[in-house]
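Engineer:
In structure tokens, the structure reads:
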């Protein structure tokens, strides 16, 4: 594709983190007398931030005060053990390394709280691979609002059309479109191909290898040699 930069979503794109998220949520649900959710139930609810995950996990009509209390509890529980079962998807570390070697600028944008994102990225992938790593910050609109994406584009010094936005959810595709980036969906995460295409994905990658091919790493390597 010849793009100069890639912004990655984190959960479901670079990292298989669903089990740790579900465990934290279920510990809090059990404490409040709710039945636990399955991994698949959690999969359908993630992507919009922790508060929305909690809201979607409670009975319809739950009041804001309860949602806020349980969101704080889930965040605290998750922060205590964020990287127990979480790991990069197979092939992701090599992809990141090869993209850096091909001088492709990279960033991470997540709807998780920013301090937590910094810790998780550092423990699983290494913070120094990326030009920018951002999570949800107070006073800054989160995805799909393009505010943080535009901030990243400025810091990477690239134009929106020069940047792929790679993610596994409709939130990511909407973010890419609203910021003017190229929306690329990955089907190994939390959503299926149909959902990603309906959200505006211009390309669907079904494996890390297919993403590598779409980015054109082989051609870039030949050009360097």
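Residue numbers (UniProt numbering): 1 to 225.
Using N, Cα and C, we set each Cβ at its ideal position, and we do this for glycine too.
Beta-carbon within less than 6 Å of residue 215's beta-carbon, same chain only, minus the 5 sequence neighbours each way: which residues are those?
Structural biologist: none
Engineer: Using DSSP's beta-bridge definition, name the partner residues of residue 136.
Structural biologist: 113
Engineer: Would you call the region 141 to 150 and the region 104 to 113 in contact, with 3 or more CB pairs under 8 Å?
Structural biologist: Cβ pair count under 8 Å is three or more, so yes.
Engineer: Is residue 13 near the ligand MG - that is, is its Cβ less than 8 Å away from at least one heavy atom of it?
Structural biologist: This structure simply doesn't include the ligand MG, nor any ligand for that matter.
Engineer: What runs of the alpha helix (DSSP H), each 4 residues or longer, lie entirely inside the region 13 to 42?
Structural biologist: 18 to 31, all fully within the region 13 to 42.
Engineer: In terms of residues, what are the limits of the beta strand (DSSP E) holding residue 165?
Structural biologist: The continuous beta strand (DSSP E) containing residue 165 extends over residues 163 to 167.
Engineer: Taking the straight line between their C-alpha atoms, what separation do you get for residue 217 and residue 163?
Structural biologist: 15 Å
Engineer: May I ask which residues mark the beginning and end of the beta strand (DSSP E) holding residue 104?
Structural biologist: Segment: none, residue 104 is in no beta strand (DSSP E) and carries neither H nor E.
Engineer: Hey, is the region 151 to 170 in contact with the region 4 to 11, meaning 3+ C-beta pairs nearer than 8 Å?
Structural biologist: yes
Engineer: Which class does residue 172 belong to by DSSP, given the choice of helix, strand or coil?
Structural biologist: helix
Engineer: Identify which residue in 42, 35, 24, 64 has its Cα closest to the Cα of residue 83.
Structural biologist: The shortest CA-to-CA distance from residue 83 to any of 42, 35, 24, 64 is the one to 24.
Engineer: For the region 42 to 58 against the region 195 to 214, are there 3 or more C-beta pairs whose distance is under 8 Å?
Structural biologist: no
Engineer: Quick check: the Cα distance between residue 54 and residue 152, rounded to an integer number of angstroms?
Structural biologist: Cα-Cα distance, rounded: 28 Å.
Engineer: Indicate whether the contact test is met: 3 or more Cβ pairs, each with one atom in the region 54 to 71 and one in the region 16 to 32, closer than 8 Å.
Structural biologist: Counting Cβ pairs under 8 Å, three or more are found: they touch.
Engineer: Helix or strand or just coil, what does DSSP make of residue 183?
Structural biologist: Residue 183: strand per DSSP, three-state reduction.
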